[in-house]
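Here this note's numbering is used: the first residue of the sequence shown is 570, the next is one more, and so on. Taking it in order: structure first as structure tokens, then the write-up.
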Amino acid sequence: MTDLRWSDVIEALDPEWNGYLPDVVVGEISLEDWQSLLDLVEEQAWPREVTHGVDDAPWPRAAALFPGGRPLDEPPTLAVRPFAGVQLNLYPHAVDEIAFDVDLRELEGQVGIDRLCGLLRLVGRRLSRDVPLYAEGDPAAPVLRYDLATDTFWHVEAP
570 MTDLRWSDVI EALDPEWNGY LPDVVVGEIS LEDWQSLLDL VEEQAWPREV
620 THGVDDAPWP RAAALFPGGR PLDEPPTLAV RPFAGVQLNL YPHAVDEIAF
670 DVDLRELEGQ VGIDRLCGLL RLVGRRLSRD VPLYAEGDPA APVLRYDLAT
720 DTFWHVEAP
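What follows is the structure, encoded as structure tokens:
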């Protein structure tokens, strides 16, 4: 089943309007939610790596990313590949929000939008939250959102 048609969202996800790396930011998060997301990555057996100047660093626990409930002074980027050829970068910069980006150049066509919807739905269900996607660097209003209550997606039209 298709949630969104590529032809319907191609303008909203246009890199010229949206940027190549739109941001997913889920707020009102706890340390337990962070751990739940980190566990999801492991459960799905997605290829992943910790980029922090250390080769072969182990996949972290949330408590190690936020000792004493505060982010590390120099938090790592957590690179996850939920699909072949698609990488998302997870940024543990705040304990109360989960932020990651995905490269739109890796998500072209209907297969790409189906994968994006599947990923946002999986994250939303795991965190029991709506999952908004914002234009790169512009958290004012989402251009696409997974709505947990209705298990559906909505998007905005490009200006």
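Ideal placement from N, C-alpha and C gives every residue a C-beta, glycine not left out.
For residue 656, the three-state DSSP class (helix, strand or coil): strand
Report the residue from 718, 720, 698 whose alpha carbon sits nearest the alpha carbon of residue 593. 698
Short Cβ contact (7 Å threshold) for residue 725 with residue 712: Cβ atoms of residue 725 and residue 712: closer than 7 Å.
Buried or exposed (CB count within 10 angstroms, at least 16 for buried), residue 671: buried
Residue 606, DSSP secondary structure in three states: helix
For residue 673, the residue or residues it bridges with in DSSP: DSSP, once it has assigned bridges, lists no residue as partnering residue 673.
Helix, strand or coil for residue 725? Go by DSSP, reduced to three states. Here residue 725 sits in coil by DSSP.
Pair every Cβ in the stretch 598-609 with every Cβ in the stretch 658-668, then say whether three or more of these pairs are closer than 8 Å. yes
Helix, strand or coil for residue 619? Go by DSSP, reduced to three states. strand
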